[in-house]
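Residue numbers (the working numbering): 644 to 1110. Encoded as structure tokens, the structure appears first; notes follow it.
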Amino acid sequence: MSDNPALVWFGLDLRLADNPALERAIAQQGAVLPVFLWAPDEESPWSPGAASRWWLHQSLEELEAALAKRGSKLTVRRGPTAEALLALAAESGAKSIFWNRRYEPAAITRDRELERRLRERGIAAESCPGNLLFEPGTILNASGKPYQVFTAFWRACLAMPGPAEPTPAPSRLRAPAQWPASLEISKLGLEPKADWAGGMRQTWRPGERGACKQMTAFLGSGIEIYATDRDRPDHGGTSRLSPHLHFGEISARRIWHEVRRHGAAADSYVRQIGWREFSHHLLFHYPHTPREALRPEFHRFAWRTDAAGLRAWTRGKTGYPLVDAGMRELWHTGWMHNRVRMLAASFLVKHLMLPWQEGAAWFWDTLVDADLANNTMGWQWSAGCGADAAPYFRIFNPVIQGERFDPEGEYVRRWVPELARVPNQWIHRPWEAAGVDLGKKYPRPIVEHAAARKRALAALGARSFAG
DNA sequence: TGAAATGTTGGGGCG
DNA sequence: ACGCCCCAACATTTC
């Protein structure tokens, strides 16, 4: 038993169950002091976007309530992180600080410096495994290099001993003799000034309880048909766990174990968790990739400049119904179905030939699941400049994708009401529908598919560039 | 976790 | 019965 509380610094681990840092703090046998620090500058230029901040606000309130129920409290302060932690240690008498690791380049640099400074002051600093299945750096090929191809990477993962079983949330937390001063969560200014979050409130329930509920609903509602249904934006057959995973409201280890109980039917879902794993390991090994293409030949590729095209894309006014539906779903709910993300990304990069970084920046600001590793890998995959990337000639046809994955146009009509009356036959190519009055209500395609395709093939296939 | 062009096959209509 | 054409359906190649 100790008089000195152990400090738990929360980051992207806004949960009490299966939380290694929290467990280590409890194991000290003394009081536990849970802390959240707001220090967005330290993640610049990848500080949380507007949608992420909205989510974070809700999730912090949930965490605060969950702690209160266990006789504890969340202490909230502003950064800089090192100064804030040192101040809290001094005020509370804490001699040890625990946190769960993050794997973004800025977080890794910060952690290293932090550990040095804390130890310098005689404070035990211990970082614990973050929200991944396998620690980055541990999955390497025969020659000790990171995998560049997902299938090989995932096979190597599956050959490893699996992650530990998840642990339950503690039922009580010992409170310190007195609580340090704390900011109100609302004082962090995370919520939007103008209230544009209505669609998000309707769609999501941030926080650990929401995450558990979502996982239970997903597992109970036919993970068996996930393999095929996940490609149907009109069916809602995906897990929708991505924002919960990003904020660590549920642990990847827990998902791994819960899902695998469902046998072989769940393999294709676990594989998606594998892609998340892959992206985090890639970011760990190639920290420059949020800015720059992994494949160096792309450094000199001349992307176009087209402010009007970019605006049309962000607003969901490209004239291609499935692309526009996706971009509007994103704007309204902070999320987009993955099949449609691939199409929207392909459209920006191949049809408009705008730099993938512009798309990544927009997604970063608007997605509630914005995650540096996933976002970076996804965009580089789409642009063909990353690991296991789509080859340059893989260009999605928005009409065919629509007819294949939203055959009745139900998804399109939900998000693009201007097209509500267009018959199924024309729903993905309304410009060909005779007697349907578009133009004013819905734009004609901003680029013609066949011509845009040829342009992209010529530019991306040029010998001087990619060979 | 593509699409389009090109090639091949086989059934049916027809002289 | 046969050759010829057309074309859908499928397979392969190319971008």
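Ideal Cβ positions, reconstructed from N, Cα and C, are used throughout, including at glycine. Quantities reported herein were computed from a predicted structural model and do not represent experimental measurements.
Alpha carbon of residue i to alpha carbon of residue j, nearest angstrom
i                 : j                 : result
proline 886       : glutamate 686     : 18 Å
alanine 854       : alanine 1076      : 43 Å
proline 933       : tryptophan 1007   : 11 Å
leucine 937       : isoleucine 1038   : 20 Å
leucine 995       : proline 964       : 16 Å
asparagine 1067   : lysine 960        : 20 Å
glutamate 834     : valine 1090       : 37 Å
serine 645        : aspartate 877     : Because serine 645 carries a pLDDT of 48, less than 50, the predicted location of this residue cannot be relied on, and no value is offered for it.
aspartate 661     : alanine 895       : 10 Å
valine 1169       : serine 989        : Any answer about residue 1169 is impossible in this case: the structure gives the chain only from 644 up to 1110.
arginine 1087     : glutamate 704     : 45 Å
lysine 830        : glutamate 726     : 19 Å
alanine 950       : serine 739        : 51 Å
alanine 1093      : histidine 980     : 25 Å
glutamate 851     : leucine 1103      : 44 Å
valine 651        : alanine 1003      : 32 Å
isoleucine 669    : proline 819       : 12 Å
leucine 1100      : proline 1034      : 11 Å
glutamate 778     : leucine 1062      : 47 Å
proline 998       : glycine 1029      : 13 Å
alanine 870       : serine 882        : 12 Å
phenylalanine 921 : phenylalanine 793 : 7 Å
arginine 958      : glutamate 1051    : 23 Å
asparagine 1017   : serine 1025       : 12 Å
asparagine 647    : glutamate 892     : 28 Å
glutamate 916     : glutamate 867     : According to the sequence shown, residue 916 is isoleucine rather than glutamate. Whole-angstrom Cα-Cα distance: 16 Å.
arginine 875      : histidine 975     : 19 Å
leucine 728       : alanine 824       : 13 Å
glycine 832       : leucine 680       : 13 Å
alanine 858       : arginine 1098     : This sequence places methionine at residue 858; alanine is not what is there. Taking the straight line joining both Cα atoms gives about 43 Å.
threonine 752     : alanine 807       : 27 Å
glutamate 707     : phenylalanine 653 : 11 Å
glutamine 1044    : arginine 1072     : 11 Å
glycine 787       : alanine 795       : 13 Å
alanine 837       : serine 690        : 20 Å
glutamate 763     : glycine 722       : 19 Å
valine 675        : arginine 1057     : 48 Å
Beta-ladder partner(s) of residue i, from DSSP
i                 : result
phenylalanine 741 : Val651, Glu769
proline 601       : In the structure displayed, the chain extends from 644 to 1110; residue 601 sits before or after that span and is not available.
threonine 718     : Val678
leucine 783       : Pro789
Minimum C-alpha distance to residue i - residue among the options
i               : options                           : result
isoleucine 605  : Val913, Gly906, Leu729            : Residue 605 cannot be examined here, being either before or after the span of the chain that is shown, 644 to 1110.
glycine 1027    : His1071, Gly1045, Ile828, Gln1000 : Gln1000
tryptophan 1074 : Ala749, Asp656, Val1042, Ala668   : Val1042
aspartate 656   : Ala737, Glu726, Ala725, Phe741    : Phe741
alanine 987     : Trp978, Trp974, Ala1004, Val966   : Val966
histidine 942   : Ala802, Phe1108, Glu756           : Phe1108
arginine 954    : Leu991, Ser770, His980            : Leu991
glycine 841     : Val983, Arg883, Gly977, Glu769    : Gly977
proline 748     : Leu826, Pro930, Pro1050           : Pro930
valine 678      : Gln671, Ala732, Gly962            : Ala732
arginine 844    : Leu699, Ala1105, Pro663, Gly1021  : Leu699
glutamate 827   : Leu973, Leu717, Trp1022, Val1065  : Leu717
aspartate 872   : Phe944, Arg1047, Arg1098, Tyr790  : Arg1047
methionine 1020 : Tyr1054, Met985, Glu1051          : Met985
proline 939     : Cys771, Leu659, Gln1023           : Gln1023
alanine 737     : Ala649, Trp918, Gly1045, Ala1013  : Ala649
leucine 884     : Arg848, Trp946, His900, Cys771    : Arg848
glutamine 701   : Tyr1054, Phe890, Gln672, Arg762   : Phe890
lysine 993      : Thr810, Met970, Trp822, Phe1036   : Phe1036
tryptophan 839  : Trp1069, Lys1084, Leu973, Arg658  : Leu973
proline 772     : Ile766, Arg764, Asp754, Pro789    : Asp754
leucine 888     : Ala1032, Ala908, Arg919, Gly673   : Arg919
Taking contact to mean at least 3 C-beta pairs separated by less than 8 Å, is the stretch 710 to 717 in contact with the stretch 807 to 827?
yes
For the stretch 691 to 701 and the stretch 1005 to 1021, state whether three or more C-beta atom pairs, one from each stretch, are separated by less than 8 Å.
Contact check between the stretch 691 to 701 and the stretch 1005 to 1021: three or more CB pairs, one atom from each, fall below 8 Å, which counts as touching.
Whole alpha helix (DSSP H) elements within the stretch 856 to 920, 4-residue minimum:
869 to 872, 885 to 889, 895 to 903
Within the chosen definition, does the stretch 897 to 911 reach the stretch 854 to 873 through at least 3 CB pairs nearer than 8 Å?
Yes: the two stretches touch, three or more of their Cβ pairs being nearer than 8 Å.
Contact between the stretch 778 to 785 and the stretch 798 to 806 is defined here as three or more beta-carbon pairs at a separation below 8 Å; is this criterion met?
yes
4 or more residues per run - each alpha helix (DSSP H) lying fully within the stretch 774 to 848
793 to 801, 841 to 846
Going residue by residue through the stretch 1001 to 1085, where are the continuous alpha helix (DSSP H) segments of at least 4 residues, counting only ones entirely within it?
Within the stretch 1001 to 1085, the complete alpha helix (DSSP H) runs of at least 4 residues are 1015 to 1026, 1041 to 1048, 1053 to 1058.
At what residue ranges does the stretch 968 to 1005 contain a whole run of the beta strand (DSSP E), taking only runs of 3 or more?
none
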